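Engineer: Handing you a structure now.
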Amino acid sequence: MTPDSYTASIPNWVPRERGLASSMRTLRQALSVARKDLAIEFRTKESLNAAGAFAIVILLLFSFAFDPAADATREIGGGLLWLVFAFAGALVFNRGFARELPNECLDALLSSPLSAASLLLGKAMASFVLLLGVELVSMIVFGIFYDMRWWAHPAELAAVFVLATWGIAALGAVFGALTVNLRLRELMLPVIIYPLLIPLLIAAIELTNALFGTQPLTPDQLLWGRVLVVFDIVFTALAFGLAETILVN
Amino acid sequence: MREKVVLALAVAAAGLLAYNLYQIFMVLPDEAAQGAIYRIIFFHVPAAITGMIGYFVALTLSILYLSSGNLRFDSLAASVVEVSVVFSVVNIVTGSIWARIIWGIWWTWDYRLTSALVCVLIFSAYLMMRRAIEEPTQRARLSAALCIFGCVDVVLVWKSIEWFRTQHPGPVLSIRTGGGRIDPAMEHMIYLNLLAILLLATALVLVRTRQEQTAREIDSLRRLAHAA
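So the protein lines, in turn, are chains A and B. Heads up, the first sequence is in my numbering, so the first residue is 4 and it goes up one at a time. Heads up, the second sequence is in my numbering, so the first residue is 23 and it goes up one at a time.
Written out as structure tokens, the structure is:
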């Protein structure tokens, strides 16, 4: 039974949740899914270890491509980091829905009273937390390997990381769901997701590079903050709107 | 009936293209600053506009598929995207040839070039994903979702890369500039060639839609035969 047919089977005399109550219910369900995914991940550590190790290896490889001591490397540090996060993110998103495939767990989740939107939101939340963890580790490694001082604007940098990571996680959850049953799933996800992430990556790279310096952000640079916010709102809304289409047959 | 429409469109497109080619190469003079190579604009700009129109037609068709469940909209959307990607590639290739002559380089990371490339990549991913899904309704549903995400992203890509870097020549058509950037005879020829290319694109879309529908019918017959 799909969530739609489940809702349709509730008799008319049962009061339906509307507005805030419905949103809170979706949020509670999403938090349950995120908690479940994070509990599985912290027990098995399969995505976290793979993504963390992958991020560090890529950071190491960059040191052969560029001179790690050069000032120019510091200027493109934001670009290096966000490429690493985007690559590491693909590993996390690939596992997000794929872990529900054995034993028909995805069908079981979709047959439960859980709405498709809350399932997608929960998956995005779990990926968001995991990716933030990978980013934190990478930032520490990056600071040591490349002698980067990235704590000049900690609050602004944290805001950029949260906004950009949410955008990547939301899109990653959508396309993780969309590609979960495909042949060549691992290949298709990056092919689809990276071109779509370009506006977000440009904004994140521009802001991160600016925040690695000691100067405050200029109005032109603040424009990129708006790009991040617009990207997050638009794609989170689209993900909610198309969740049933993507997940429920 | 459909074959006759396709034939009529193809003949009209061929006739108009032949007339346009004669006008472009034999009647219009060389441009003062660029010489003969400027003529590439008569294919470059209409191909770009045809590609863009196609993506947003595909968006409309994808929404129509999701609201109606009619697989004809899906076949049409897939055909439109395929033809649009071809015209976007024509746009990029003609632009590169022009850039090699005028700028001395094949490529620069200007916002219009980069955005055009990103559009091709997004919709190539759409076409690749379609090939990776066997079941027709699942393919239609997921493709429609990807098309909606892709079209929304194209707008964001275009705006963000525009802020990021700009080197490409500014708009020349008078609907964008208010006039004065291009000779009216040359602008007229761009519109005439746009019409020819749109006719050609429509004929190609109809041929591809027919192929898509036939492929789906063969697939369902194959499934029926396996089930029996």
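Backbone N, C-alpha and C fix where the C-beta goes; we use that ideal spot for every residue, glycine too. Since this is a predicted model, take the numbers as computed values, not measurements.
Give a yes or no on whether the minimum CB-CB distance between Leu143 of chain B and chain A is below 8 angstroms.
Structural biologist: yes
Engineer: Drop a sphere of 10 angstroms on the beta-carbon of Tyr60 of chain B, count the other beta-carbons inside from all chains shown, and report buried for 16 or more, exposed for fewer.
Structural biologist: buried
Engineer: Would you please verify whether the beta carbon of Leu245 of chain A is less than 8 angstroms from any beta carbon of chain B?
Structural biologist: yes
Engineer: Since I believe Gly80 of chain A is in contact with Met151 of chain A (beta carbons under 8 angstroms), could you give me their beta-carbon distance rounded to a whole number of angstroms?
Structural biologist: 6 angstroms
Engineer: For Ile204 of chain B and Ile114 of chain B, I'd like the C-alpha separation in whole angstroms.
Structural biologist: 21 angstroms
Engineer: Could you check what DSSP says for Glu156 of chain B in three-state terms: helix, strand or coil?
Structural biologist: coil
Engineer: Check for me: the alpha helix (DSSP H) holding Ala120 of chain A runs from which residue to which?
Structural biologist: 119 to 148
Engineer: Residues of chain B with CB under 9 angstroms from Pro222 of chain A, in chain order?
Structural biologist: Going along chain B, no residue has its Cβ under 9 angstroms from Pro222 of chain A, so there is no contact; the nearest lies around 12 angstroms.
Engineer: Measuring only the C-alpha atoms, how far is Phe96 of chain A from Phe238 of chain A?
Structural biologist: 16 angstroms
Engineer: Could you name the residues of chain B that Phe234 of chain A contacts, counting a contact when the two beta carbons are closer than 7 angstroms?
Structural biologist: Leu178
Engineer: Decide if Cys141 of chain B is buried, meaning its Cβ has at least 16 other Cβ atoms within 10 Å, or exposed.
Structural biologist: buried
Engineer: Span of the alpha helix (DSSP H) holding Gln224 of chain A?
Structural biologist: Boundaries of the alpha helix (DSSP H) around Gln224 of chain A: 222 to 250.
Engineer: Ala154 of chain B touches chain A at which residues, Cβ-Cβ below 7 angstroms?
Structural biologist: Leu185, Arg186, Leu187, Met191, listed in chain order.
Engineer: I'd like to confirm the pairing. Which residues does DSSP put opposite Glu234 of chain B in its beta bridges?
Structural biologist: DSSP, once it has assigned bridges, lists no residue as partnering Glu234 of chain B.
Engineer: Look at the alpha carbon of Gln224 of chain A and the alpha carbon of Ile205 of chain A, and state the distance between them as a whole number of angstroms.
Structural biologist: Taking the straight line joining both Cα atoms gives about 11 angstroms.
Engineer: Please decide whether Met211 of chain B counts as near chain A, where near means a Cβ-Cβ distance under 8 angstroms.
Structural biologist: no
Engineer: Since Leu149 of chain B and Val103 of chain B should fall inside the 8 angstroms C-beta cutoff, what is the C-beta to C-beta distance between them, to a whole number of angstroms?
Structural biologist: 6 angstroms between Cβ atoms; contact.
Engineer: Relative to the C-alpha of Met151 of chain B, which residue among B:Ala167, B:Tyr41, B:Thr136, B:Leu139 is closest?
Structural biologist: Looking at the Cα atoms, B:Ala167 is the closest of the given residues.
Engineer: Within this structure, are the beta carbons of Pro144 of chain B and Leu241 of chain A separated by less than 8 angstroms?
Structural biologist: Here residue 144 of chain B is Ile; the residue named in the question, Pro, does not match the sequence. It is not a contact, given that the beta carbons lie outside the stated cut-off.
Engineer: So is Asn52 of chain A buried or exposed if we call it buried at 16+ other beta carbons inside 10 Å?
Structural biologist: exposed
Engineer: If the cut-off is 9 angstroms on Cβ atoms, which residues from the region 156 to 178 of chain A count as contacting chain B, listed in chain order?
Structural biologist: Leu174, Val177, Phe178
Engineer: Mind pulling the chain A residues with CB within less than 8 angstroms of Phe95 of chain B?
Structural biologist: What Phe95 of chain B touches in chain A: nothing, since even the nearest Cβ is about 14 angstroms away.
Engineer: Counting contacts by CB-CB distance shorter than 8 angstroms, is Leu243 of chain B in contact with chain A?
Structural biologist: no
Engineer: Which partner residues does Glu53 of chain B have in the DSSP bridge list?
Structural biologist: Answer by DSSP bridge pairing, in chain order: B:Gly57.
Engineer: Just mark Pro6 of chain A as buried or exposed, buried being the case when its beta carbon has 16 or more other beta carbons within 10 Å.
Structural biologist: Confidence at Pro6 of chain A is low in this model, with a pLDDT of 49, below 50, so the placement of that residue is unreliable and no value is reported for it.
Engineer: Along the region 166 to 177 of chain B, what residues have a CB closer than 8 angstroms to any CB found in chain A?
Structural biologist: Ala166, Ala167, Leu168, Ile170, Phe171, Gly172, Val174, Asp175
Engineer: Run the CB neighbour count on Ser253 of chain B, radius 10 Å, all protein chains shown included, and call it buried at 16 or more, exposed below.
Structural biologist: Summary: the structure shown does not reach residue 253 of chain B, with chain B confined to residues 23 through 250, and so no result is reported for it.
Engineer: Comparing C-alpha positions only, which one of A:Lys39, A:Glu159, A:Leu84 sits nearest to Val60 of chain A?
Structural biologist: With distances taken between Cα atoms, Val60 of chain A lies closest to A:Leu84.
Engineer: Taking the alpha carbon of Tyr213 of chain B as the point to measure from, which residue in B:Leu228, B:Ala70, B:Trp128 has its own alpha carbon closest?
Structural biologist: B:Ala70
Engineer: Once DSSP output is grouped into helix, strand and coil, what is the label at Thr217 of chain A?
Structural biologist: coil
Engineer: Along the region 199 to 226 of chain A, what residues have a CB closer than 7 angstroms to any CB found in chain B?
Structural biologist: Leu199, Ile201, Pro202, Ile205, Ala206, Leu226
Engineer: According to DSSP, simplified to helix, strand and coil, what is Arg186 of chain A?
Structural biologist: Correct three-state label for Arg186 of chain A: coil.
Engineer: Taking just the CA atoms, how far does Arg77 of chain A sit from Arg186 of chain A?
Structural biologist: 40 angstroms
Engineer: Please name the residue in A:Thr182, A:Leu94, A:Trp153, A:Leu190 whose C-alpha comes closest to that of Gly216 of chain A.
Structural biologist: A:Trp153
Engineer: At a cut of 8 angstroms, does the region 177 to 184 of chain A reach the region 218 to 235 of chain A through at least three beta carbon pairs?
Structural biologist: no
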